[in-house]
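Residue numbers (the working numbering), protein chains in the order written: chain G, 210 to 809; chain U, 210 to 809.
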């Protein structure tokens with residue numbers, strides 16, 4: 210069975226030494242987060258996920274969910290018990306607001322818990338995971354009554370939530386939705402329509418499931434300007450908070466998916482179900498983006514999380530499997546063959562994964578800090594900068610993180626040779642599960658367009674200029690240190706490519722918007738490379754400073770410096786080729802008529 | 210259900226217009242291949258695979274194979290009937306030698322039939338597919354009696370064959386195998402051991418299955434110098450050719466795999482089975498490489514084939530699915546949304562796939578011609594050049610072809626958004642099936658090492674120098690034509706990177722062989738890019754010449770020119786970043802001790 214060991218040492222390095230969370234103790238919500246308390250939370254969270262949740266990952270994939278004739282759904286063996294323990298321990302409440310029963314801790318810690326949970330079991334993670342988006346929407350747009358009715362139980366995990374957007378004929382283009390909401394005399398609405406791909410749409414983990422549903426009121430304008438958001442509980446809630454009648458919403462069937470098989474991905478039928486509008490009529494898209502933005506960060510973390518667990522299993526295999534001899538002479542002459550570790554091409558794959566997962570974890574941790582600071586920093590200037598950063602980089606965390614996360618899973622599967630293709634070894638599941646993250650919560654093509662079409666130009670390019678400055682400052686500081694000069698030069702070069710690509714898009718996207726569309730995907734990847742480069746500079750600087758103190762765990766910091774060097778050598782060169790591709794523009798890409806793609 | 214339409218127009222373009230097969234009519238075996246005959250074979254083969262084999266692909270994936278209590282294996286519904294039709298039509302015999310009942314046609318046509326079959330149904334293709342390798346080994350190393358007993362029935366398809374190499378503890382490092390072959394008084398051997406991952410090891414398609422098995426005789430030297438090859442029929446064959454007793458070989462279980470589920474991948478138990486040595490004692494590895502080389506080309510073709518069928522389905526979806534509006538204004542104002550085709554990022558993925566599949570098909574077709582010419586060209590100089598080319602490029606066809614083939618399947622799945630993740634749409638199967646091709650017949654890491662560690666240096670680098678010259682000549686000729694100058698410049702630049710990478714490996718691989726290992730994978734990919742660039746130059750030249758004649762199907766040739774341009778813009782830039790990565794060498798890659806990879 211595959212293993213999972215939460216990377217607590219790396220998490221502590223990032224939180225305590227790189228972003229220095231404790232130094233923000235003056236900010237509201239951060240005062241409880243002492244270094245000791247943080248370390249205890251990290252260790253306990255790691256233990257819980259490694260011991261309780263991870264062992265259900267492979268069995269869940271094999272068993273899947275079962276829909277019964279009455280439309281009820283049973284999750285795989287052990288999920289219900291594990292969810293009860295998860296809820297009891299409050300792992301879903303770390304970063305939720307105290308006002309509604311959460312622990313009010315920094316998002317930095319909430320992110321850590323999400324990563325560990327997603328590594329341990331991505332299907333399991335998606336039951337509480339989608340709830341977080343629904344909670345965010347209610348926090349931002351719900352009426353006081355809606356908040357009081359739903360938030361305490363959703364935050365405690367007594368009830369779970371869903372996000373109902375997609376319909377059979379539309380996903381990306383939500384202006385096309387057909388689900389109708391007809392107002393009733395009592396202020397509620399009657400919701401009718403079919404939603405598909407609804408994660409955790411029906412299950413046996415909780416007594417109630419709170420659906421947030423996009424629908425159109427009668428006479429709503431066509432297009433996405435005519436969408437409203439509704440709250441539709443599976444069980445109606447009585448005035449005293451107890452459960453009332455069953456609502457007219459049900460699971461019509463379960464989807465047969467490539468992966469995340471232990472999550473109940475449902476076709477949901479609304480047959481005149483009772484719902485209540487959240488926020489204003491026809492302003493549902495804005496509310497949806499609140500759900501989406503949190504969810505997108507969560508999905509980026511899934512890319513990291515699957516890459517991490519795949520990496521750990523590949524490392525284990527590489528250290529146990531003996532095959533062939535080192536090119537430089539037998540490493541273990543007493544054995545019949547050396548371990549896979551001696552082979553450069555295996556090492557290449559493992560170092561790729563190490564450089565990506567550690568860089569990406571830093572990026573997510575730093576991103577979570579920006580998210581915290583955007584709300585809680587002392588000054589408006591700091592809050593705005595942090596908000597600019599996390600808004601700009603959310604599509605990069607999601608798009609780049611899940612693209613490279615998937616590629617990493619594939620490479621880790623490759624380390625296993627033929628055994629990687631056999632389900633018993635578990636590597637196939639990591640690949641299959643990781644694949645969805647490139648697709649849902651907005652495909653990575655949509656993320657790239659969000660970045661290039663919206664985020665770049667906002668406020669006259671203020672955010673991207675701030676990002677350039679941040680990287681430039683870091684590079685300049687690092688260049689002064691001989692040990693970091695090479696990496697600083699490589700990241701600086703990648704940042705120059707990013708600037709050139711930005712300039713190119715500004716100039717050519719105006720002329721023909723398809724130039725922006727054609728360059729969006731490479732642009733997102735260049736920004737991903739520069740972001741991880743920035744993180745590796747930060748980590749290398751800390752490692753260098755620590756090594757000067759001759760610490761006990763010297764090897765940990767030395768490995769950071771080697772991996773930083775590897776990142777510079779093997780990740781940054783792509784920034785140039787991506788910029789060259791981007792600068793080719795859309796002409797050849799868009800030149801052919803649809804018929805020219807047909808075969809015959 | 211997914212569609213498949215054999216790309217016959219493209220095949221005819223390559224065979225008749227690009228490599229001009231008819232012009233080789235003076236060579237033995239080629240005289241029968243008139244343009245008319247070739248076209249008829251292509252069309253009929255395309256029809257057969259589209260109509261008979263492709264419809265069984267998805268049902269085969271869903272149903273899989275069944276092993277019964279007695280060890281017998283049933284293939285999915287319809288496979289037995291389709292195989293009977295396949296055999297009757299002689300699709301496996303096109304390029305087999307006439308002497309043993311084959312049609313003796315050029316390998317160029319055999320390749321075409323392999324591609325169509327692998328696109329239609331990769332699992333199905335692997336039943337006759339593995340037989341070809343076994344046939345090659347018997348042709349090269351079998352005794353006259355072995356050849357007479359087995360070849361006619363294996364070539365006709367009455368019996369199918371397998372290749373038994375891998376054991377639970379070893380795949381790549383075959384020196385470690387434990388299967389034993391003890392000589393008997395009558396000249397036969399008693400074979401005992403366990404083999405795993407045996408494709409088509411047991412099934413119900415034929416009355417007999419001919420296993421070619423690697424084993425060690427008593428007192429054989431350790432290492433791969435002590436391996437011998439044995440022929441072990443499932444049913445012993447009587448002197449008159451009729452079937453005798455059941456041999457002591459059986460299927461112990463079927464592997465649970467990520468894909469190719471309709472192929473019976475078996476654990477094979479040899480319990481004192483009767484076998485006969487093929488070729489010389491302890492020279493089994495050489496015989497195995499004969500099997501392997503043909504099989505590696507076949508696997509490269511699978512990479513192309515899965516990319517092709519995935520592409521076709523993505524094109525169909527992109528033309529039917531309406532979502533969003535073109536950035537340049539509504540393309541179909543009468544509809545509620547435009548087709549996916551209008552979106553640049555979708556177009557990017559489709560053009561990537563178009564440029565890869567058409568370039569890769571040309572590469573395989575041209576490679577098959579080199580394989581033919583290596584045996585049949587009129588002069589020794591021509592035969593040697595052709596042999597140098599196909600030996601050098603076989604690992605590139607396998608490694609680059611399956612890496613990019615898999616990536617293409619993933620991108621085509623991405624075109625479908627959420628539906629790509631749902632099994633009913635078929636895209637998941639293409640991804641899952643394509644994944645194995647990067648692993649089997651030598652992982653792509655092994656291909657890269659074969660290229661860099663063996664092929665480059667053979668005969669003082671004669672082959673790679675000839676390849677450089679071939680590309681230089683093509684570029685020089687193309688540069689003279691204004692329409693091709695840009696692409697010629699891009700391919701020339703990529704070829705310069707390949708030369709620089711070669712020089713770097715020569716200089717640094719000597720100093721430390723891990724530098725060769727660390728650079729092998731990027732090197733293989735640079736050579737893949739240059740090879741497809743060479744092919745796109747050849748195709749563009751033909752298209753340009755045809756367009757000057759104002760042909761009826763002008764659009765076909767115009768599309769070739771646009772796609773060639775796209776290839777130059779979007780594929781060749783990677784040659785530079787890959788060379789920069791390669792030139793970083795092995796230092797950072799190999800610096801860390803194994804413990805540094807652990808988490809905690």
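By construction, the Cβ of each residue, glycine as well, lies at the ideal position given by its N, Cα and C atoms.
**Prompt:** Between the C-alpha atoms of residue 503 (chain U) and residue 316 (chain U), what's the straight-line distance to the nearest angstrom?
**Reply:** Spanning the two alpha carbons is a distance of roughly 11 Å.
**Message:** Considering only their Cβ atoms, is the gap separating residue 560 (chain U) from residue 798 (chain G) smaller than 7 Å?
**Reply:** yes
**Message:** Which residues of the segment 619-637 of chain G have a Cβ closer than 8 Å to any Cβ of chain U? Give them in chain order.
**Reply:** 619, 622, 623, 626, 627, 629, 630, 631, 632, 633, 637
**Request:** Give a yes or no on whether 7 Å exceeds the smallest Cβ distance from residue 723 (chain U) to chain G.
**Result:** yes
**Request:** Can you tell me which of the three DSSP states residue 479 (chain U) falls into?
**Result:** Correct three-state label for residue 479 (chain U): strand.
**Message:** Considering just the uninterrupted stretch of the alpha helix (DSSP H) at residue 612 (chain U), what are its terminal residues?
**Reply:** 589-624
**Asked** Under three-state DSSP, which class holds residue 340 (chain G)?
**Response** helix
**Message:** Please classify residue 547 (chain U) as buried or exposed, where buried requires at least 16 other C-beta atoms within 10 Å of its C-beta.
**Reply:** Answer is buried; the Cβ neighbour count reaches 16.
**Message:** If you measure between the beta carbons of residue 700 (chain U) and residue 670 (chain U), is that distance less than 7 Å?
**Reply:** Not closer than 7 Å, so no.
**Item:** Enclosing alpha helix (DSSP H) for residue 417 (chain G) [first to last residue]
**Value:** Premise fails: residue 417 (chain G) is in no alpha helix (DSSP H) and is neither H nor E.
**Request:** State the start and end residues of the unbroken beta strand (DSSP E) segment that holds residue 460 (chain U).
**Result:** Counting along the chain, residue 460 (chain U) sits inside the beta strand (DSSP E) bounded by residues 458-463.
**Asked** Leaving out five residues before and five after residue 740 (chain U) in sequence, what residues of the same chain have Cβ atoms less than 7 Å from its Cβ?
**Response** 572, 602, 605
**Request:** Taking only the alpha-carbon atoms, compute the straight-line gap between residue 460 (chain U) and residue 417 (chain U) and give it to the nearest angstrom.
**Result:** 14 Å
**Asked** Pairing CB atoms from the segment 508-522 of chain U with CB atoms from the segment 553-570 of chain U, are three or more of them under 8 Å?
**Response** Touching, yes.
**Request:** For the alpha helix (DSSP H) containing residue 775 (chain U), list its first residue and its last residue.
**Result:** 763-779
**Asked** Considering only the beta carbon of each residue, do residue 365 (chain U) and residue 310 (chain U) sit closer than 7 Å?
**Response** yes
**Asked** Could you give the residue range of the alpha helix (DSSP H) that holds residue 646 (chain G)?
**Response** Per DSSP, residue 646 (chain G) belongs to no alpha helix (DSSP H) and is neither H nor E.
**Request:** Residues of the segment 382-407 of chain U with a CB closer than 7 Å to any CB of chain G: list them in chain order, please.
**Result:** Per Cβ criterion, the list reads 382, 385, 406.
**Message:** Closer than 6 Å to a non-hydrogen atom of the ligand SAM - does that hold for the CB of residue 702 (chain U)?
**Reply:** With respect to small molecules bound, the structure shown includes none, and the ligand SAM cannot be examined in it.
**Cβ neighbour criterion (16 or more within 10 Å) applied to residue 719 (chain U)** = exposed
**Message:** Considering only their Cβ atoms, is the gap separating residue 407 (chain U) from residue 477 (chain U) smaller than 7 Å?
**Reply:** Yes, they are a contact pair.
**Request:** Step through the CB atoms of chain B and report whether any lies within less than 7 Å of the CB of residue 779 (chain U).
**Result:** Annotation note: the requested chain B is absent from the structure, which comprises protein chains G and U.
**Asked** In chain U, which residues lie less than 7 Å from residue 379 (chain G) when you measure between Cβ atoms?
**Response** Listed by position along chain U, the residues whose Cβ is nearer than 7 Å to that of residue 379 (chain G) are 532.
**Asked** Which residues, in order along the segment 269-295 of chain U, keep a beta-carbon less than 8 Å from a beta-carbon of chain G?
**Response** none
**Asked** Taking Cβ to Cβ, would you say residue 328 (chain G) is nearer than 7 Å to residue 624 (chain G)?
**Response** no
**Message:** Give me, in chain order, the residues of the same chain whose beta-carbon lies closer than 6 Å to that of residue 350 (chain G); leave out the 5 immediate sequence neighbours on both sides.
**Reply:** Excluding residues within five positions, the ones whose Cβ falls inside 6 Å are 487, 488, 496.
**Request:** Keeping to the same chain, check which residues put their C-beta closer than 7 Å to that of residue 214 (chain G); ignore five residues upstream and five downstream.
**Result:** Around residue 214 (chain G): 259, 521.
**Where residue 545 (chain G) meets chain U, residues with beta-carbon distance less than 7 Å** = 385
**Asked** Below 7 Å between beta carbons: does that hold for residue 782 (chain U) and residue 332 (chain G)?
**Response** no
**Prompt:** Which stretch, first to last residue, makes up the beta strand (DSSP E) that contains residue 264 (chain U)?
**Reply:** Careful: residue 264 (chain U) lies outside any beta strand (DSSP E) and carries neither H nor E.
**Other residues of its chain near residue 638 (chain U): CB distance less than 6 Å, five sequence neighbours each side excluded** = 270
**Item:** Interface flag, residue 528 (chain G) vs chain U, CB-CB below 7 Å
**Value:** yes
**Prompt:** What did DSSP end up calling residue 408 (chain G) once you bin it into helix, strand or coil?
**Reply:** strand
**Request:** Give me the Cα-Cα distance between residue 643 (chain U) and residue 363 (chain G), rounded to the nearest whole angstrom.
**Result:** 42 Å
**Asked** Whole-angstrom Cβ separation of residue 369 (chain U) and residue 378 (chain U), contact assumed at under 8 Å?
**Response** Rounded, the Cβ-Cβ distance is 27 Å, inconsistent with contact.
**Prompt:** Quick one: does residue 467 (chain G) have its CB under 7 Å from some CB of chain U?
**Reply:** yes
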